[in-house]
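Visitor: The structure's right below; bear with me while I get my questions together.
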Amino acid sequence: MASNDMDTMFRYKMSINPATIHQIGKIAELHKQVLTSGFLSRLDTAILGKLYKLILKEGILLAAVTDDSSLAGFVSFSHDTKKLMRMFVKSSPDIYLRLFITYLRHPSFVLRSLETMLAPFKHGNNNKGIRNIPASELLSIVVNPAVQHTGTGTALLQKLEGELKKRKIYSYKVVAGEQLISANRFYQKNEFLLTDRIRIHGKTMSNVFVKSLSID
Ligand SMILES: CC(C)(COP(=O)(O)OP(=O)(O)OC[C@H]1O[C@@H](n2cnc3c(N)ncnc32)[C@H](O)[C@@H]1OP(=O)(O)O)[C@@H](O)C(=O)NCCC(=O)NCCS
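Take a look at the structure:
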């Protein structure tokens with residue numbers, strides 16, 4: 002176990018494990034509470050929960066839990082975000098109804114949701130000739146604000162990378178809006194390389210980071 006993992010466990014008696022279906026609601030709530038700027042956080046908790054349920058099947062979802070069973074944070078990963086987005090829109094008819102209701106309340110969501118769904122198609126094959134951007138992607142990493150800056154995010158990342166190595170995945174990407182200053186610094190501090198910049202919503206640019214893992 003990495004020393005950072007150990008430190009965090011001693012301080013918070015926290016454990017990081019694959020999320021269970023029962024934690025999905027709390028995960029979706031924490032996403033909405035903390036990642037306030039993205040389109041996904043405007044979806045109601047039930048739809049967002051459906052996305053995280055799909056990630057549980059298609060990818061990796063790890064939850065950091067303190068000894069009083071509260072959710073300290075989570076990290077989600079997809080082997081192929083394009084496939085995941087296709088699965089999401091096909092997954093069940095009630096998603097269309099719920100999205101329709103959301104659109105009636107907030108018409109601007111139509112454009113923002115399309116932009117979010119199309120985002121995975123905007124990099125990896127661009128006109129700058131960059132072709133080595135992996136399909137595998139860290140989709141979200143969120144730590145409860147009450148325990149941020151105590152090593153939980155780093156411990157989640159280390160646990161995720163251990164899982165990736167078990168699956169023989171040695172590189173992955175993450176896309177972060179450039180306005181997320183602390184997240185961008187977090188990725189750079191954790192050895193991600195800025196590899197591309199794309200436009201997802203309006204004029205805001207997003208950074209595409211790639212991290213290569215050592216083969217032990
Ligand atoms: C980005 C995020 C996941 C990082 O999680 P975190 O638990 O705060 O991360 P860490 O504690 O491992 O590291 C963050 C900082 O705390 C510092 N830190 C870590 N352990 C520490 C400790 N014991 N004491 C003091 N500082 C510590 C790190 O050095 C790092 O410093 P920096 O911000 O100056 O680079 C978290 O800030 C977050 O949830 N942000 C909002 C959601 C978001 O933007 N997610 C990314 C987009 S999907």
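The sequence shown lines up with residues 2 to 217 when you count with this note's numbering. Glycine residues also receive a C-beta, built at the ideal position from the N, C-alpha and C atoms.
Measuring from the CB of L36, is there a heavy atom of ligand 1 at a distance below 7 Å?
Guide: On the sequence shown, residue 36 is found 35 positions in, with the first residue counted as 1. Checking every heavy atom of ligand 1 against the Cβ of L36, one is found closer than 7 Å.
Visitor: Can you tell me the Cα-Cα spacing of T46 and A156, whole angstroms?
Guide: Along the sequence shown, one-based indexing puts residue 46 at 45. Along the sequence shown, one-based indexing puts residue 156 at 155. Within the model, the alpha-carbon separation for T46 versus A156 is close to 26 Å.
Visitor: Let me confirm a value: S172 is counted as buried when at least 16 other C-beta atoms fall within 10 Å, else exposed. Which label applies?
Guide: Residue numbering aside, residue 172 sits at position 171 when the sequence shown is read from its first letter. With fewer than 16 Cβ atoms within 10 Å of its Cβ, S172 is classed as exposed.
Visitor: Does L194 come out as helix, strand or coil in the three-state DSSP assignment?
Guide: For this step, residue 194 is matched to residue 193 along the sequence shown. Here L194 sits in strand by DSSP.
Visitor: Relative to the alpha-carbon of K169, which residue among L214, I182 and T21 has its alpha-carbon at the smallest distance?
Guide: For the purposes of this step, residue 169 is taken as the residue at position 168 of the sequence shown. Nearest option by C-alpha distance: L214.
Visitor: In chain order, what residues have a CB nearer than 6 Å to some heavy atom of ligand 1?
Guide: V35, L36, S141, I142, V143, V144, Q149, H150, T151, G152, T153, G154, T155, A177, L181, S183, A184, R186, F187 and K190
Visitor: Using the C-alpha atoms, what's the distance from V175 back to A20?
Guide: Counting from one through the sequence shown, the residue named residue 20 turns up at place 19. Counting from one through the sequence shown, the residue named residue 175 turns up at place 174. Taking the straight line joining both Cα atoms gives about 20 Å.
Visitor: Judging by CA-CA distance, which residue of S79, E162, R106 and F101 is the nearest neighbour of L140?
Guide: On the sequence shown, residue 140 is found 139 positions in, with the first residue counted as 1. Considering only alpha carbons, the answer is S79.
Visitor: What did DSSP end up calling L44 once you bin it into helix, strand or coil?
Guide: Translated into positions along the sequence shown, residue 44 becomes position 43. In the structure shown, L44 sits in coil (DSSP, three-state: anything other than H, G, I, E or B).
Visitor: With a threshold of 8 Å on Cβ separation, who are the neighbours of G50 within its own chain once the five nearest residues in sequence on each side are excluded?
Guide: Taking the first residue of the sequence shown as 1, we reach residue 50 at position 49. Around G50: I25, G26, I28 and A29.
Visitor: Please report the residue range of the beta strand (DSSP E) in which G74 lies.
Guide: For the purposes of this step, residue 74 is taken as the residue at position 73 of the sequence shown. G74 -> beta strand (DSSP E) spans L72 to S79.
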